[in-house]
Amino acid sequence: EAQVTQNPRYLITVTGKKLTVTCSQNMNHEYMSWYRQDPGLGLRQIYYSMNVEVTDKGDVPEGYKVSRKEKRNFPLILESPSPNQTSLYFCATAGTYEQYFGPGTRLTVT
Amino acid sequence: AQSVTQLDSHVSVSEGTPVLLRCNYSSSYSPSLFWYVQHPNKGLQLLLKYTSAATLVKGINGFEAEFKKSETSFHLTKPSAHMSDAAEYFCVVSLLTGGGKLIFGQGTELSVKP
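Sequence order for the protein chains is B and E. Note that the working numbering gives residue 272 to position 33 of the first sequence, counting from 1, and the numbers run on in steps of one. Note that the working numbering gives residue 1013 to position 74 of the second sequence, counting from 1, and the numbers run on in steps of one.
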């Protein structure tokens, strides 16, 4: 079954404590990306990757890092989380005609 | 530059009545357009997609959308609403058919009254 998995699904953390949200796909897709969803703003792209070792900024990259060492994995790193990064995060991977989204990670930074 | 505008932040209908969720887009190129649905505390599910084939696109659960280039619109419709249709709906545009950045509208919350 085609799948995009994210972990953790829920996370409450404190300001400044580094965290990583993992994303993994089993569809052998080259393109992967991260979005954040905030009320009234829809989803906005944080970072994307066209292939292994190729990453680039989306619309809201500040405060985030990514890496793409393997095709299947695309972790999102928050080196020093702040309360304005409290959000719902989605990982996505692109096939020929559509994108597939993970189940989401709800992050709260206090 | 590409952009998407969903004209209503909230739509309320009665069960059994038609649904219309409005979406206008702006794109310098021939776009790919999508509608996604998000049920409460759930992920995103693709309802339907337009990729320069037929302008009337049929999706899952009885939804359909019509691509109108002259009006730059891609409105989502359903003849008869069901309680299970209550959710948030996103109109999305992409330059590329699949890969590439998606531009999301702000979302329309659909409520269905019994």
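We put the beta carbon where it would ideally sit given N, CA and C, even for glycine.
Residue from the options whose Cα sits closest to the Cα of residue i
i: F1042(E); options: S951(E), E954(E), K1052(E) and L972(E); result: Note that residue 1042(E) is Ile in the sequence shown here, rather than Phe. The candidate whose alpha carbon is nearest that of I1042(E) is L972(E).
i: W974(E); options: S1033(E), K1052(E) and V1051(E); result: S1033(E)
i: R961(E); options: I999(E), K997(E), G982(E) and G1044(E); result: G1044(E)
i: G281(B); options: K997(E), K1052(E), S942(E) and P1053(E); result: S942(E)
i: N980(E); options: R307(B), L327(B), L317(B) and A241(B); result: L327(B)
i: E301(B); options: V291(B), E318(B) and F340(B); result: E318(B)
i: G1001(E); options: Y964(E), V958(E) and S991(E); result: V958(E)
Neighbour flag for residue i against chain B, beta carbons, 8 angstroms
i: G1046(E); result: yes
i: T994(E); result: no
i: K1007(E); result: no
i: L946(E); result: no
i: F1013(E); result: no
i: F1002(E); result: no
i: K1040(E); result: yes
Expected contact under 8 angstroms - CB spacing of residue i and residue j to nearest Å
i: Y989(E); j: F1013(E); result: 7 angstroms
i: V312(B); j: S263(B); result: Sequence inspection shows Asn at residue 312(B); the Val mentioned does not correspond to that position. Indeed, because the Cβ distance is near 5 angstroms, the residues count as touching under 8 angstroms.
i: K310(B); j: N267(B); result: 7 angstroms
i: A333(B); j: V243(B); result: Contact flag wrong, Cβ pair sits at about 11 angstroms.
Closer than 8 angstroms to chain E by CB, residue i
i: P342(B); result: yes
i: E313(B); result: Per the sequence presented here, residue 313(B) reads as Phe, with Glu not at that position. No, its Cβ sits nowhere closer than 8 angstroms to a Cβ of chain E.
i: Q338(B); result: yes
i: G255(B); result: no
i: Y303(B); result: no
i: I251(B); result: no
i: Y412(B); result: This structure cannot speak to residue 412(B), because chain B is shown only from 240 to 349.
i: C330(B); result: no
Check: residue i C-beta below 7 angstroms from any heavy atom of the ligand GDP
i: G1046(E); result: The ligand GDP is absent from the structure shown, which contains no ligands of any kind.
Worksheet item: Do the segment 276-292 of chain B and the segment 253-266 of chain B touch if we need at least three Cβ pairs shorter than 8 angstroms?
Response: Segments in contact, no.
Practice prompt. Report the residues of the segment 263-284 of chain B with a CB closer than 9 angstroms to any CB of chain E, ordered along the chain.
Written response: Interface annotation for the segment 263-284 of chain B against chain E: H268, E269, Y270, S272, Y274, Q276, P278, G279, L280, G281, L282, R283 and Q284, criterion Cβ-Cβ distance under 9 angstroms.
Worksheet item: Name the residues in the segment 952-967 of chain E whose C-beta lies less than 8 angstroms from a C-beta of chain B; which are they?
Response: Cβ contacts with chain B come from no residue of the segment 952-967 of chain E.
Worksheet item: Just checking, does the segment 245-252 of chain B make contact with the segment 327-347 of chain B on the three C-beta pairs under 8 angstroms criterion?
Response: As far as the Cβ criterion goes, the segment 245-252 of chain B touches the segment 327-347 of chain B, which means the pair count is three or higher.
Practice prompt. Output, in sequence order along the chain, the residues in the segment 979-994 of chain E whose CB is closer than 7 angstroms to any CB in chain B.
Written response: Listed by position along the chain: G982, L983, L985, K988 and T990.
Worksheet item: Taking three-plus beta-carbon pairs below 8 angstroms as touching, is the segment 286-306 of chain B in contact with the segment 947-963 of chain E?
Response: The segment 286-306 of chain B, when compared against the segment 947-963 of chain E, does not touch it at the 8 angstroms Cβ threshold.
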